[in-house]
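**Student:** Before we start, here is the structure in question, set down as structure tokens.
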Ligand code: FES
């Protein structure tokens, strides 16, 4: 098991070895932005890897192509991954807005009620 931490909210969850960042989040009922359902086509799931990039599977040719189409050739030099295509093999910290914990629709779970 590896730990995935998602900034800026500081969401943290366990990922089975080889699970994708997004699938592991969904396994814990977190919402991860997607429009293609994890098929590597929409790039909506794109995240920035803050640390632990060496603990992710290498980009496939299809992922590279999707990134190039979305952001240009220079995208391959950036620490960005499609969360639906990056398989976790160790602890990783990524940045992705829009990831939400379960049952938080319309609410920020970090808010405290008075
Ligand atoms: S969910 Fe569409 S590319 Fe990852």
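Residue numbers (my numbering): -3 to 110. All residues carry an ideal CB built from backbone N, CA and C; glycine is no exception. These numbers were taken from a predicted model, which means no experiment stands behind them.
1. Of the choices 94, 93, 86, 99, whose alpha-carbon is the least far from that of residue 16?
2. Compare the Cα-Cα distances from residue 98 to each of 0, 8, 51, 25 and report the closest residue.
3. Hey, would you say residue 90 sits closer than 8 Å to residue 31, going by beta carbons?
4. So what's residue 57 in DSSP terms, helix, strand or just coil?
5. With a 10 Å radius around its C-beta and 16 neighbouring C-beta atoms as the bar for buried, classify residue 96 as buried or exposed.
6. Need the endpoints of the beta strand (DSSP E) that residue 76 sits in, please.
7. Using 8 Å as the cut-off, can you tell me whether the region 40 to 54 makes contact with the region 73 to 83, which would need three or more C-beta pairs spanning the two stretches below that distance?
8. Could you give the residue range of the beta strand (DSSP E) that holds residue 17?
9. Work out the CA separation of residue 58 and residue 46 for me, nearest whole Å.
10. Pull up the DSSP beta-bridge partners for residue 38, would you.
**Tutor:** Put simply:
1. 86
2. 25
3. no
4. helix
5. buried
6. 76 to 78
7. Look at the beta carbons and you see the region 40 to 54 touching the region 73 to 83: at least three pairs across the two are nearer than 8 Å.
8. Here residue 17 belongs to no beta strand (DSSP E); instead the alpha helix (DSSP H) covers 17 to 23.
9. Cα to Cα, residue 46 sits roughly 22 Å from residue 58.
10. Paired residue(s): none; residue 38 is not in a bridge.
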